[in-house]
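If you're matching them up, the sequences are chains A and B in order. 74 is the number of the first residue of the first sequence in this note's numbering; add one for each residue after it. 74 is the number of the first residue of the second sequence in this note's numbering; add one for each residue after it. For each residue, glycine too, the CB sits at the ideal point set by N, CA and C.
2 protein chains.
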Amino acid sequence: MISNKAKYALKAMTILARHHSKKMQANAIAEEGQIPYKFLEAILAELKNRGLVISKRGAFGGYVLGEEPEEITAGDILRVIDGPIAPLRCASVSGYQPCDDCEGEEICAIRNVMMDARIALSNVLDQKTLKDMAKFERGRKESIFDE
Amino acid sequence: MISNKAKYALKAMTILARHHSKKMQANAIAEEGQIPYKFLEAILAELKNRGLVISKRGAFGGYVLGEEPEEITAGDILRVIDGPIAPLRCASVSGYQPCDDCEGEEICAIRNVMMDARIALSNVLDQKTLKDMAKFERGRKESIFDE
DNA sequence: TTTAAATCCTAGTAATTCAATAGGAAATTG
DNA sequence: CAATTTCCTATTGAATTACTAGGATTTAAA
Ligand code: FES
Ligand code: FES
């Protein structure tokens, strides 16, 4: 289970991807994504610190993607907000940490399963780019503005 | 990320699977798996309620697997302890719940990604049985008792 | 029939994480 | 300067996590 925060982050990023060229304000993102404004601000701050978005302050400021939509994956975003995607730290690449209750992790059956799980999971999450996700939701864009 | 509790549950179940025929006491499981005794008791209670283990009370009591090791999967155990394995409830089969902040989930890009993630994940977790896991750790059994 | 050894049951607790909110400082544009 | 918008600090309430305590209940052996 990912956190609400991570879900909002994914949502915000796909919204930014849909509005690709244009800079958007937190305000507008919050409304379009049904995300609590202040919470979104905190999320955008984290994404900014990791370079996934670029911000401009002051009047007529806003946010733009930090990289091309085809270069940012769901995995990138999830790792920034929720940390490692592996089900266990001992099976993680980005957040590896040994299990102190398992001696001999090379031979640990649980770790073995979780390594497979991590691989399967990251094969999906590191393949799906914002471009893919923005495309998926196209055709819905109108219905948002219709009502 | 799965909880420590879930990890302990997986550990306890693989230990039971290794000792297949024989009944084991919580005591012995706790020691072999380096699991806090009282915590393990609570875990075994949950597993028992779902039929994954069978218990016998009183002196010389203990626990046995509730089904054959090839019939119990890592996914079964994880669902009992940590709930649904899908990254989002809206992408879950066992624990489905709609997202109230996304209208039109058929067309939601985030849900789409998480459905793929859930499928990839459950393909691994629902395939790995306790038999597989016990086999993986065989050959290590001796080294535990050697030192 | 007592007693020792187990599981079972109810509760509680300390620490952490989650999901936000509040309030104002700093920057930018017109 | 004034309005707008991001940025920063900090706090809060609720939930979850990771356990622990203590005793009731059951069973089998002495
Ligand atoms: S080494 Fe991490 S679960 Fe065993
Ligand atoms: S429907 Fe669940 S994330 Fe959009």
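Taking CB atoms only, Pro142 (chain B) has no neighbour in chain A less than 8 Å away.
Residue pairing by DSSP places Ile150 (chain B) opposite no residue, since no beta bridge is assigned to it.
Shortest gap from the CB of Cys175 (chain A) to any heavy atom of ligand 1: under 7 Å.
Ligand 2 has a heavy atom closer than 7 Å to the beta-carbon of Lys80 (chain A). As DSSP reads the structure, Gly177 (chain B) sits in no beta bridge. Closest by C-alpha distance to Ile150 (chain B), out of B:Cys172, B:Ala132 and B:Gln200, is B:Gln200.
For Lys78 (chain B), there are no C-beta contacts with chain A under 9 Å, since the nearest C-beta of that chain is about 13 Å from it.
At least one C-beta of chain B is nearer than 8 Å to the C-beta of Glu210 (chain A). Rounded to whole angstroms, the Cβ separation of Leu138 (chain B) and Leu89 (chain B) is 5 Å, and the two are in contact under 8 Å. Using a Cβ distance threshold of 8 Å, Thr87 (chain A) and Ile183 (chain B) count as a contacting pair. Within the region 94 to 122 of chain A, the residues whose Cβ lies closer than 9 Å to any Cβ of chain B are, in chain order, Gly106, Gln107 and Ile108. Counting along the chain, the unbroken beta strand (DSSP E) around Val126 (chain A) starts and ends at Val126 to Lys129. One thing to note: His93 (chain B) has its Cβ no nearer than 8 Å to the Cβ of Pro157 (chain B).
Between the alpha carbons of Val153 (chain A) and Val186 (chain B) lies a distance of about 17 Å.
Put simply, the CB of Thr202 (chain A) is far from chain B, with every gap to its CB atoms at 8 Å or more. Taking a contact as a CB-CB distance under 8 Å, the pair Ile116 (chain A) and Lys78 (chain A) counts as one, their CB atoms being some 6 Å apart. Interface criterion not met: the Cβ of Leu125 (chain A) is under 8 Å from no Cβ in chain B. Against chain B, the CB of Val153 (chain A) has no partner CB under 8 Å away; the residue lies outside that interface.
The beta carbons of Ile75 (chain B) and Pro160 (chain A) sit closer together than 8 Å. Neighbours of Val166 (chain A) in chain B, taken as residues whose beta carbon is under 8 Å from its own, are absent, since the nearest beta carbon is some 14 Å off. Taking a Cβ-Cβ cut-off of 7 Å, Leu89 (chain B) has no neighbours in chain A, whose nearest Cβ is about 12 Å from it. No Cβ of chain B is located within less than 8 Å of the beta carbon of Lys129 (chain A).
Rounded to the nearest whole angstrom, the CA to CA distance from Gly134 (chain B) to Ile108 (chain A) is 53 Å. In terms of beta-carbon proximity, Ile150 (chain B) stays away from the interface with chain A, with every pair separated by 8 Å or more.
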